[in-house]
Amino acid sequence: MNRFGAINNEACSLLDSAEYGTAVGLFKEALTVLQTEISGSDSNHELFSERTKLCVPRIQNSSTSFFFHQQTEHFGPWIYAQPLRISPDESDVSNSHVFAVTFNMALACHLLATEFEDDSVGNYARQYFYKAKKLYQLPLKLIQESTSNFTSLMEEDLFLFAAVLNNISHVHSSLEEIECMMVYRHQLVKTLFFFIDAGVISHDRTFAFDCFLVNVQDLVCRIYTAGAA
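First residue of the sequence shown: 1, per full-length UniProt numbering; consecutive thereafter.
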């Protein structure tokens, strides 16, 4: 395994044990090592220029994959909180690794921001929400550029597309950037509707799908109401 992969997986374990601050530092180190390897790669120009399938890393999904952010009388909002580990068998640098490490770094900043937010450390929370927002944009771009439409996305890619949309919309909401939040949640609704129409919701993804729906339930109601009218 590449060094960045080992560092990434160590940081994933820290995320699992809620050591968000230490995980942020390790993911930053993994990104630095990854960038160095990309710079020295003969295929560097191909990583971001070719519109090839993303082939995102496989993930394990369970009820522990979501972080229940706010203890309120209603459910939600839910943050998708399953980090992406890199297989020991993977040695060649690819855009899939860029996706995994950047997503994980964004997730670590996101969860750390919620921790600061809960402790009323407002300025630190905003700083890390902002970092998460910027970082989520790269994996989102990688998926969007890997295909021209939903129909050519594999379920794994489509699911992670929904996960990133879900999380970045929560970040915008936390930063009170409501217009941007609505844009991403509308994209999330479209993605979820595609899941329904295509019938590609795996049994082990049902809980995740329900959590996404909870986060966008107001938009879903409005869309169905408008359609009925």
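Even for Gly, the Cβ is constructed at its ideal location relative to N, Cα and C.
Inclusion of A23 and A108 in the CB contact set at 8 Å is warranted, their separation being smaller than that value. Rounded to whole angstroms, the separation of the alpha carbons of L14 and H97 is 19 Å.
Across the set M181, A30 and L111, the C-alpha of L111 shows the shortest separation from the C-alpha of G21. In this structure L188 is not in contact with F209, their Cβ atoms being roughly 11 Å apart against a cut-off of 8 Å.
Cβ-Cβ separation between N167 and Y80: approximately 6 Å, consistent with a contact (criterion under 8 Å). Rounded to whole angstroms, V33 and D218 show a C-alpha spacing of 42 Å.
Taking a C-beta distance under 8 Å as the contact criterion, A106 and N8 do not qualify as a contact pair. In this structure, DSSP gives I196 a helical state, which the three-state scheme calls helix.
Here W78 is not near C180, since their CB atoms are 8 Å or more apart. In the structure shown, I86 adopts coil according to DSSP, grouped into three states. A straight line joining the alpha-carbon of S17 with that of K190 spans about 33 Å. By alpha-carbon distance to F116, the top candidate from E19, S87, T36 and E145 is E19. Inter-residue distance for L142 and N123 is about 30 Å (C-alpha atoms, whole angstroms).
If you draw a straight line from the Cα of A132 to the Cα of L160, it comes to about 16 Å.
Contact between Y136 and V164 is confirmed by a C-beta separation of about 6 Å, below the 8 Å threshold. Distance from the CA of T206 to the CA of I196, rounded to the nearest whole angstrom, comes to 11 Å.
By the criterion of a C-beta distance shorter than 6 Å, F4 is surrounded in its chain by A30, V33 and L34, once the five residues flanking it on both sides are discounted. Between the beta-carbon of A6 and that of N104 there is about 13 Å, and that puts the pair past the 8 Å contact cut.
Cβ-Cβ distances below 8 Å link G199 to nothing in the same chain once the five nearest sequence neighbours on each side are left out. In the three-state reduction of the DSSP assignment, N215 falls in the helix class.
If you draw a 10 Å sphere on the C-beta of I178, you find fewer than 16 other C-beta atoms in it, and that means exposed. Taking the Cα of Q127 as reference, the smallest distance to any Cα among A113, E37 and D157 is reached at A113. For N8, the enclosing alpha helix (DSSP H) begins and ends at R3 to D16.
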